[in-house]
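Trainee: Got a structure for you, questions after.
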Amino acid sequence: MLRNMHLSAAMKLLLSLLVLLLAVSSATVAAPPPSSVIVIGAGLSGIAAAKTLHDAGIKDIVILEATPKIGGRLSKVAFAGQTMEVGACWYFGGGPQHNPLVDIANSLKLNTYPTNFGNLSSNTYKQQGGLYPKAEVDAALGAGAARAQFCTNLSTTLNSNPRSDQDVSVMGAYLLYKHVPATPLEMVVDYFNNDYIDAQAPQLTSVKHKYPRHELVDHGVNFNYVKDPRGFESMAYHIADQFLKKGDPRLKLNKVVREISYSKKGVTVKTEDGSVFQAKFAILSASLGVLQSNLISFKPEFPMWKRVAISDFSMATYTKIFIKFPHKFWPTGPGTEVFFYAHQHHGYYPIWKHLENEYPGSNILFVTVTGDESIRIEKQSDEATKAEAMEVLKKMFGNNIPNPDAILVPRWWTNRFFKGSYVNWPPRYSHEQFQHLQAPVGPVYFTGEHTSEKYMGFATGAYFSGIESANDVIKCLNRKICRAH
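Numbering (mature numbering (1 follows the signal peptide of the UniProt record, and there is no 0)), first residue to last: -30 to -1, 1 to 455.
Rendered as structure tokens:
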């Protein structure tokens, strides 16, 4: 009896040890071998970074993407039988500097349509209805162009002394110019010149660093609206197809990074599903909004210079609200596609565009809101937004317009994987701080449109920054020339 009890105890101990050994073995098998580089995020910057690494011979990479697809803020949604670009929708051409996205679009034979902003003086509606006289709008547009030129000249002056951090907001520049937009007409024109680009109000935007508009000055003012069923995101897929084969195990979708540990020896990345990845370097392409949130924890905590650089920069929100109707009730034909609604409240459903050129017979309008209005609208129901939009449309086109069939309200600000649309440079945020924002922390490098000094907020900024950050890592890996802050 005693002998049997000893055997039973021994068997239990043996089984326990066997289970433990199997668990350890299983964990070891499940953990992938260390890589040279982990790229976190498969938006345009992350994919461009990964391809740059691959082309340089660094092929032991892992790309971790939180969502089920690549492309990031290049994002399409099926709506009312058409493909809507809820993220970036234009790429730019016709300027003195070549835009590589034009080449990608041409390679894809991407279907686009040029957006024409040239007839706004005939398409600007008053708050209570009716069109402004063309001459009055022309005068307001001229005054807006004069303010923009003053801002550009002031920026040149402020940038002439590289040792000075003196800066002023766009609104501050207007005060210096002694002309602050005050009427609904002046405000909607100013919205077009500023918020429509920066996604924040003029008082929140730096003159020194946001004027002139480098994307438009360098790459041109040909607004190519993507109307292709494959979407703007097809550019990211096109780049990925050049170095990732179908089902490539280096691309891992639905991997939500929650923790990044780093030291001189490398990085360890943990995801929400319990996966662990290790590498010598990480290139982090998460948006500034995500960096400002608590989605990813860093161990050790970033140094103060980095945390301040992240927290003091601005993540803005740009929202296109799509509305489908049973039939058209707005003007169509040449020179009608974009129209203004002038309201006493700055940024209240201000800029509208119909999609009859892109999708004939679709009967779809979209209106753009930004900044605080975007956040306000994200917080309310789609029904409330539809009611507000309909009230505005009735002011412009009368009470007999039909009720909409459907509405699409993107929510970038509340999406934990983005926390906004793109960045804006706030007043008095110094160039040194921006260099801290760009700089790596040990083996953790940063990329994304928020690290592009000239082209932040644009797809070109994401693309160029991905290549630049990858080249920094390549230099550090191959030549031991490592970037410091």
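In this text, a Cβ means the ideal position worked out from N, Cα and C, and glycines have one as well.
What does the Cβ neighbour count give for residue 183, buried or exposed, with the cut at 16 atoms within 10 Å?
Mentor: Per the 10 Å Cβ criterion, buried.
Trainee: For residue 195, which beta-bridge partners are listed by DSSP?
Mentor: DSSP lists 60 and 83 as partners of residue 195.
Trainee: I think residue 181 touches residue 85, with their Cβ atoms under 8 Å apart; what is that distance to the nearest whole Å?
Mentor: 22 Å between Cβ atoms; not a contact.
Trainee: Please identify the residue among 411, 451, 387 and 405 whose C-alpha is closest to the C-alpha of residue 38.
Mentor: When each option's Cα is compared against that of residue 38, the closest is 387.
Trainee: Does residue 264 come out as helix, strand or coil in the three-state DSSP assignment?
Mentor: Residue state, collapsed to three classes: coil.
Trainee: What span of residues does the alpha helix (DSSP H) with residue 347 cover, start to end?
Mentor: Per DSSP, residue 347 belongs to the alpha helix (DSSP H) from 341 to 349.
Trainee: Tell me, which residues are paired with residue 253 by DSSP?
Mentor: DSSP output for residue 253 lists 9 and 415 as bridge partner(s).
Trainee: In chain order, what residues of the same chain have a beta carbon less than 7 Å from the beta carbon of residue 276, not counting five sequence neighbours either side?
Mentor: Once the five neighbours on either side are set aside, the close Cβ partners of residue 276 are 406 and 411.
Trainee: Please report the Cβ distance between residue 261 and residue 12, rounded to the nearest whole angstrom; I am assuming they are in contact, meaning their Cβ atoms lie under 8 Å.
Mentor: With a Cβ gap of about 17 Å, residue 261 and residue 12 do not count as contacting.
Trainee: State the Cα-Cα distance for the pair residue -5 and residue 278, rounded to the nearest angstrom.
Mentor: Here the model assigns residue -5 a pLDDT of 40, short of 50, so the residue's position is not dependable, and the following value carries that caveat. When rounded, the distance between both Cα atoms is 42 Å.
Trainee: Among 341, 207, 447 and 241, which residue has its Cα nearest to the Cα of residue 46?
Mentor: Residue 207 is the option with its Cα nearest to residue 46.
Trainee: Relative to the C-alpha of residue 296, which residue among 334, 43, 227 and 323 is closest?
Mentor: Ranking 334, 43, 227 and 323 by Cα distance to residue 296 puts 334 first.
Trainee: What alpha helix (DSSP H) runs, 4 residues minimum, are completely inside the region 372 to 410?
Mentor: The qualifying runs are 401 to 408.
Trainee: Going along the chain, which residues of its own chain have a beta-carbon closer than 7 Å to the beta-carbon of residue 163, five neighbours each way excluded?
Mentor: Here the set comprises 114 and 118.
Trainee: Could you round the C-beta distance between residue 288 and residue 392 to whole angstroms and report it? I think they count as a contact, below 8 Å.
Mentor: Indeed they touch by this definition, with Cβ atoms about 7 Å apart.
Trainee: Per DSSP, which one or two residues make a beta bridge with residue 286?
Mentor: 392, per the DSSP bridge assignment.
Trainee: From residue 452 to residue 293, what does the alpha carbon distance come to, in whole angstroms?
Mentor: Rounded to whole angstroms, residue 452 to residue 293 spans 50 Å at the Cα level.
Trainee: To the nearest angstrom, how far is the alpha carbon of residue 444 from that of residue 209?
Mentor: In a straight line, the C-alpha of residue 444 is about 19 Å away from that of residue 209.
Trainee: Going straight from the alpha carbon of residue 471 to that of residue 68, what length do you get?
Mentor: Nothing about residue 471 can be reported from this structure: the residues present for the chain run from -30 to 455 only.
Trainee: Taking the alpha-carbon positions, what's the residue 70 to residue 430 distance?
Mentor: Their Cα atoms are separated by approximately 8 Å.
Trainee: From residue 81 to residue 56, what does the alpha carbon distance come to, in whole angstroms?
Mentor: Straight-line Cα distance between these residues: approximately 17 Å.
Trainee: Since residue 315 and residue 171 are thought to touch, with beta carbons under 8 Å apart, how far apart are those beta carbons, to the nearest angstrom?
Mentor: With 8 Å as the limit, residue 315 and residue 171 do not qualify as a contact, their Cβ atoms being about 12 Å apart.
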